[in-house]
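Colleague: Dropping the structure in here first, questions after.
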Amino acid sequence: MITILAGGTGSIKLVRGMYKESENITIISNVADNFWHYGLYICPDIDTIIYGLSNNLDRKKGWGVKRDSFNFLKYMNTLGPETWFNLGDKDLTTHVLRTQLLKEGKSLTEITKFFTDKYGLSLLVAPASDTHYESNMVIEGNKRIHLQEYWIKYKGSMPVYDIIYNNIKKARVTLQAQRTLEESRLILFAPGNPITSIGPIINIPGMKNLLKKLKNKIVMVSPLISNRAVSGPCEIYMKAKNISPNLRGLIDFYSEIANTMIFDKLDEAEIEKKLRNDYPEINFCYSNILMTNLRKETSLARYIISNF
Ligand code: GDP
Ligand code: FO1
């Protein structure tokens, strides 16, 4: 079995390739970008994985349902509430149903299984935790705001002084996720935001120690190419956590827990010349890691499956 730690828009590309190429994969999904909105519980990364694997994702945006309409939001707007989070009409069914199931006492793990079954998926998508915790940005005046609010409502326009995982102390890795990690032959960190997608998973109490023990089978795929994020706010968030927003910072961040790191072929010269000697214990590998179409996603997945 192969287990993949995943976030949303970047991770889904590799997850989709791996799902095509391998019979037996499990996803451990980030949950720290989950939030309550209009009384509904929204789980963007879980939904991106489910929509992505069932061919329902709006691939251009990287989130939401393809060819969705936004009538609900338009009417909501006429009544006054803020409408900065673009909830599509089809997407809304997921949030309404999920919230109803939560209120009936089901766990997020059970609810996610309900949705993967409904969407006809033959893999386990395990939320990293059933306890709600969330990535919060610390902005001016020591004020904390949710990641979605920072990035979508305020368009990442204000300085961020820190990023914290609010309530993470109460979170526990689910038994299901722990077993999966132990039993897998390979643990893959999809190219996700290290601070807001993979970071919240590996910082759940007890998780780092578990991953350190499993280090030999952990492979990280870089979200940075040529020292830049392929998309999104990765560099801003790395800086906010005092991590150099470049290849060295990324390697440092994962060096305790990942034995193998896959970078783009474009970065081979720089890593071999300037970085390899500082990290003798890490197995650096190079491939084409920019996934701009389905062919590139499967080709990277094939490279991983045949080499690790
Ligand atoms: P988010 O939850 O929407 O932030 O999505 P993720 O955390 O899953 O992914 C965002 C990260 O994936 C960003 O840091 C991007 O730089 C990276 N990314 C996006 N597309 C690609 C790609 O095609 N290849 C690689 N290697 N990284 C990518
Ligand atoms: N991202 C945006 O940039 N703008 C949106 O309006 C937006 C709506 C949205 C709705 C449902 C969903 O599942 C995801 C959505 N996202 C949107 C993406 C999401 O906010 C982020 O990519 C992740 O949460 C970061 O991990």
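Heads up: the sequence shown begins at 42 in my numbering, then just goes up one per residue.
Beta carbons: idealized from backbone N, C-alpha and C, even for Gly.
(1) Terminal residues of the continuous beta strand (DSSP E) containing S70?
(2) Around the ligand FO1, what residues have a beta-carbon under 7 Å from a heavy atom of it, in chain order?
(3) CB of I242 to nearest heavy atom of the ligand GDP: below 8 Å?
(4) When you compare only the Cα positions, how much space is there between S95 and M279?
(5) Going by beta-carbon coordinates alone, are D109 and G129 separated by less than 9 Å?
(6) Out of curiosity, what's the CA-to-CA distance linking K131 and V106?
(7) Looking at P232 and the ligand GDP, is the gap between the Cβ and the nearest heavy atom below 8 Å?
(8) Consult DSSP for H136 and reduce its assignment to one of helix, strand or coil.
(9) So within the segment 131 to 181, which uninterrupted beta strand (DSSP E) runs reach at least 3 residues, ignoring any that extend past its ends?
(10) In or out: P246 buried (at least 16 other Cβ within 10 Å) or exposed?
(11) Below 8 Å CB to CB, which residues in the same chain sit around P264 once its five sequence neighbours on both sides are set aside?
(12) My output table needs one value for I45: the three-state DSSP class, helix, strand or coil.
(13) Buried or exposed for D88, please, with buried defined as at least 16 other CB atoms from any protein chain shown within 10 angstroms of its CB.
(14) For the ligand GDP, is there a heavy atom less than 8 Å away from the beta-carbon of M332?
(15) Residues in its own chain within less than 6 Å of S163 by CB, not counting five upstream and five downstream?
(16) Taking the alpha-carbon of R289 as reference, which of I91, E175, K315 has the nearest alpha-carbon?
(17) So is D308 buried or exposed if we call it buried at 16+ other beta carbons inside 10 Å?
(18) In the structure shown, what three-state DSSP assignment does F294 receive?
(19) Using C-beta distances below 6 Å, list every residue in its chain close to M199, excluding the 5 sequence neighbours before and after it, in chain order.
(20) Determine the burial state of Y195: buried for a count of at least 16 other Cβ atoms within 10 Å of its Cβ, exposed for fewer.
(21) Could you check whether L46 and F230 sit closer than 9 Å to each other, using their CB atoms as the reference points?
Modeller: According to the data block:
(1) Per DSSP, S70 belongs to the beta strand (DSSP E) from 66 to 70.
(2) Having a Cβ closer than 7 Å to some heavy atom of the ligand FO1 are G48, G49, T50, N71, D74, I83, P85, D86, D88, T89, G103, W104, G105, W125, F126, N127, L128, D132, L188, Q189, W192, I193, N234, T237, S238.
(3) In terms of side-chain proximity, the C-beta atom of I242 is found no nearer than 8 Å to any non-hydrogen atom of the ligand GDP.
(4) Those two C-alpha atoms are separated by around 32 Å.
(5) Judged by beta-carbon spacing, G129 lies within the 9 Å limit of D109, meaning their Cβ atoms are closer than that value.
(6) For the pair K131 and V106, the Cα-to-Cα distance works out to about 7 Å.
(7) P232: yes, Cβ under 8 Å from the ligand GDP.
(8) Per DSSP, reduced to three states, the secondary structure at H136 is helical.
(9) Taking only runs of at least 3 residues, the beta strand (DSSP E) segments lying wholly in the segment 131 to 181 are 165 to 168, 175 to 180.
(10) P246 sits exposed, since fewer than 16 C-beta atoms from the chains shown fall within 10 Å of its C-beta.
(11) Cβ within range, chain order: G51, P232, G233, N234, P235, A270, V271, C275, L291.
(12) Under the three-state reduction of DSSP output, I45 falls in the strand class.
(13) Answer is buried; the Cβ neighbour count reaches 16.
(14) M332: yes, Cβ under 8 Å from the ligand GDP.
(15) Nothing meets the Cβ criterion.
(16) Of the candidates I91, E175, K315, the one whose C-alpha sits nearest the C-alpha of R289 is K315.
(17) Result: buried.
(18) Note: F294 maps to helix in three-state DSSP.
(19) Taking M199 as the centre and dropping the five residues before and after it, the same chain places the C-beta of I180 closer than 6 Å to its C-beta, in chain order.
(20) Residue environment for Y195: exposed (fewer than 16 other C-beta atoms within 10 angstroms of its C-beta).
(21) In this structure, L46 lies closer than 9 Å to F230 by Cβ.
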